[in-house]
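Reviewing the structure listed below.
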Amino acid sequence: MTDASSLTPYTPEEFKERYGAEVRVESRVTAIERDRKLVTVESRGKRYTESYDKLLIATGAEPYRAPFPGAALPGVFTLRSLGDAEAIKSWIKERNVKKAAVIGGGYIGIECAENLKKRGIDTFIVEMGGRLMTPFDPEVAARIQRHIEENGVGVQVGCQVRNIDDAGGLAVQTCPERRAADMVILAAGVRPDTGLAQAAGLEMNKKGSIVTDAGMRTSDPDIYAVGDAVQVTNFVTGEPDFVPLAGPAGRQGRIAAENILGAGSRYDGAQGSGILRVFGLTAACTGINEERARRRKIDCGSVDLEYPSHAGYYPGAEEIFMKAVFEKGTGKILGAQFTGRDGVDKRCDVMAAAIRMGATASDLTRFELCYAPPFGTPKDIVNVAGDLIEKKLGAE
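Below, the structure written as structure tokens:
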């Protein structure tokens, strides 16, 4: 994508014309007066109040800035907005950047590293945890890491950054060494941007997320909250969770809108379905991984397999790797992880739907999926996973 304007599908005028909703840009809400049902707005040097009957908070998340020294030095960036992206591009051009460090090995960090490398910049990732992409189990994350390294990006996991300094040039001080860089991108995750809600006295959890009910109502029945700012229920485990993804946020927004209009809709929780493409490899997951299931003391098992994306005799077939996590005793599907170059997205979507519907391994074996040689195999990898789980359950 080369044109930043394509990421802004509507102007305020176009949005109002299409949806009938007024959009006020360059306007910041600085306070909520719940007793008077007023919000204070600051816009272009002016301040005014606006009344409400119902209020929706969708303040999202903000990049986590690690507390180590040097995180605010020139040349150290976070990436959350178009403005952040433009600032990074300008720095690369003006400083003729040759080497970059990315701190954080999640979705954003990996995508940043890929794009920096494609610009010809020598790039390395530093991740404090024991692996990249923590939603994936270690052996699946290792596949992703190996692919990234094969494409020329350095990866250092299990390594904490001590500081960033600019003595003799920008550098990242990790546990074993000091690594020079012309720029640093902090991509160590996000945290809920909930200062406004906290100041208004709404109920929050210990991690700073807004607590809502299943209708997306906060502790004030006239205030709703959605998106990355809120605590959600994990659909698989039933635990409170933080799932800062666009899909769940959009669904929460629709449910809140329906309830503001009196519909009585419920949000049943998030299952963390996510997908990434890096250097041509797609990695996708849904539900929970085996590590998390065991941490929750769930009696679980797993199977892994490789299978062609479509009929092997038809040109272009690629291997898909799949790991499925299931509950012993019931065969209920708890999660699935995939890597591959073709067909990963649709298989992960099938498994996401299976989890949402409470499907078991037996159900997977009976799924009738689309088949023609360019698109699949007569017996799909999802069916085969069901077979393997049933065999494993039968052997125990």
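Under full-length UniProt numbering, the sequence shown has 264 at position 264, and the numbering climbs by one with no breaks.
A virtual CB, placed ideally from N, CA and C, is assigned to each residue, including glycine.
Beta-bridge partners of residue i, as assigned by DSSP
i           : result
residue 124 : 101, 154
residue 183 : 100
residue 49  : 40
residue 427 : This structure cannot speak to residue 427, because the chain is shown only from 1 to 396.
residue 370 : Residue 370 pairs with nothing; no bridge assigned.
residue 357 : None, per the DSSP bridge assignment.
residue 5   : Residue 5 is not bridged to any residue.
residue 299 : Its beta-bridge partners do not exist; DSSP assigns none.
residue 340 : 282, 320
residue 173 : 163, 178
residue 305 : 322
residue 77  : 185
residue 332 : 360
residue 190 : 63
residue 389 : DSSP output for residue 389 lists no bridge partner at all.
residue 327 : 300
residue 55  : 223
Within 8 Å, strictly: CB atoms of residue i and residue j
i           : j           : result
residue 22  : residue 44  : no
residue 126 : residue 159 : yes
residue 282 : residue 236 : no
residue 164 : residue 106 : no
residue 334 : residue 385 : no
residue 124 : residue 87  : no
residue 122 : residue 93  : no
residue 110 : residue 278 : yes
residue 240 : residue 310 : no
residue 41  : residue 34  : no
residue 170 : residue 78  : no
residue 394 : residue 360 : no
residue 117 : residue 153 : yes
Residue closest to residue i, alpha-carbon to alpha-carbon, out of the options
i           : options            : result
residue 62  : 100, 130, 229      : 229
residue 267 : 254, 184, 315      : 254
residue 287 : 298, 234, 303, 263 : 234
residue 364 : 373, 390, 78       : 390
residue 306 : 382, 296, 290      : 382
residue 53  : 239, 350, 260      : 260
residue 66  : 188, 219, 118, 133 : 188
residue 357 : 271, 205, 132      : 271
residue 28  : 12, 36, 49, 9      : 49
residue 375 : 312, 338, 329, 84  : 312
residue 193 : 16, 373, 20, 80    : 80
residue 162 : 153, 155, 33, 172  : 172
residue 58  : 78, 132, 224, 316  : 224
residue 68  : 366, 103, 251      : 103
residue 353 : 340, 291, 285      : 285
residue 166 : 178, 379, 157, 156 : 178
residue 251 : 232, 239, 238      : 232
residue 197 : 30, 130, 156, 360  : 30
residue 338 : 367, 330, 308      : 308
residue 470 : 355, 7, 362, 264   : This structure does not reach residue 470, given that the chain is present from 1 up to 396, and the question cannot be answered.
residue 265 : 213, 97, 168       : 213
residue 222 : 378, 280, 38, 24   : 38
residue 242 : 263, 206, 262      : 206
residue 112 : 85, 138, 129       : 85
residue 257 : 273, 226, 276, 280 : 226
residue 135 : 95, 15, 36, 289    : 289
Given 8 Å as the limit, is there contact between the stretch 199–210 and the stretch 73–85, that is, 3 or more CB pairs closer than that?
no
What ranges does the beta strand (DSSP E) occupy inside the stretch 239–288, keeping only unbroken runs of at least 3 residues that lie completely in it?
274–278, 281–287
Does the pairing of the stretch 137–149 with the stretch 316–326 give three or more beta-carbon distances under 8 Å?
yes
Runs of beta strand (DSSP E) lying entirely within the stretch 195–239, each at least 3 residues, in chain order
223–225
contact_flag[the stretch 246–260, the stretch 296–303] where n(CB pairs < 8 Å) is 3 or more
no
Okay, do the stretch 216–223 and the stretch 177–185 touch, 3+ Cβ pairs below 8 Å being the bar?
no
Mind pulling the alpha helix (DSSP H) runs of 4 or more residues that sit fully within the stretch 9–36?
12–19
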